[in-house]
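Residue numbers (the working numbering): 287 to 489.
Right, dumping it as structure tokens:
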């Protein structure tokens with residue numbers, strides 16, 4: 287017999303799936319924001335497949351992301367990334383984690399807008415730095431001052447990430463808390479649409 291909390295979670299999962307329809311739920315944000323970890327947990331919670339676009343890019347190219355950057359440069363990588371994401375967005379209801387620069391590409395951003403509900407996992411500099419500083423595989427952080435590079439990326443990209451449909455703060459709390467906030471934010475879009483429809487009908 288299911289507990290009351292399990293029944294509520296199951297009902298929320300069904301509501302989220304209904305709300306998405308054939309659209310994807312796409313996570314955007316900087317490296318270290320938790321897009322892959324939280325994305326996978328949200329996918330499990332709502333019962334849809336999870337896909338990491340970076341993994342798909344590596345599989346399609348048969349090269350690690352760092353090697354792609356080194357061999358072909360960022361513009362060529364972004365073009366490949368855009369093609370892969372475009373293909374993935376046609377796969378029906380999925381949860382998709384994207385690389386930090388994907389949403390910055392205007393064409394990719396437009397495609398995400400049209401075919402998905404986007405969630406920006408927003409984190410402050412200290413949180414991001416603590417998460418990424420021990421990892422050496424981040425191509426964009428191969429600089430003399432990687433923390434300053436990360437700060438520069440925040441200044442450049444955060445105004446664009448802010449165009450996402452939803453914003454959830456990624457911080458040092460239980461991952462389950464963040465997952466719950468993502469699901470609540472998605473459900474809130476349904477309430478907002480219903481409220482807007484009610485206002486329109488009252489006129």
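Glycine included, every Cβ here is placed at the ideal spot set by N, Cα and C.
| Item | Value |
| --- | --- |
| Cβ contact check for the stretch 331–339 and the stretch 301–312: 3 or more pairs under 8 angstroms | yes |
| Residue 379, buried or exposed, once every other Cβ within 10 Å from all chains shown has been counted against 16 | buried |
| Beta-ladder partner(s) of residue 310, from DSSP | 402 |
| For residue 405, the nearest candidate out of 295, 438, 446 (CA to CA) | 446 |
| Assigned exposure category for residue 338 - 16 Cβ within 10 Å defines buried | buried |
| Cβ contact (3+ pairs, closer than 8 angstroms) linking the stretch 428–437 and the stretch 382–399 | no |
| Close Cβ partners of residue 409 (< 6 angstroms) along its chain, the five nearest in sequence each way excluded | 319, 456 |
| Buried/exposed call for residue 330, threshold 16 Cβ in 10 Å | exposed |
| Host alpha helix (DSSP H) of residue 383 (start-end) | No alpha helix (DSSP H) contains residue 383, which is instead part of the beta strand (DSSP E) from 381–383. |
| 8 angstroms Cβ cutoff met for residue 401 and residue 375 | yes |
| DSSP-derived helix/strand/coil call for residue 301 | helix |
| Residues near residue 301 in its chain [Cβ-Cβ closer than 8 angstroms; skip 5 each side] | 473, 476 |
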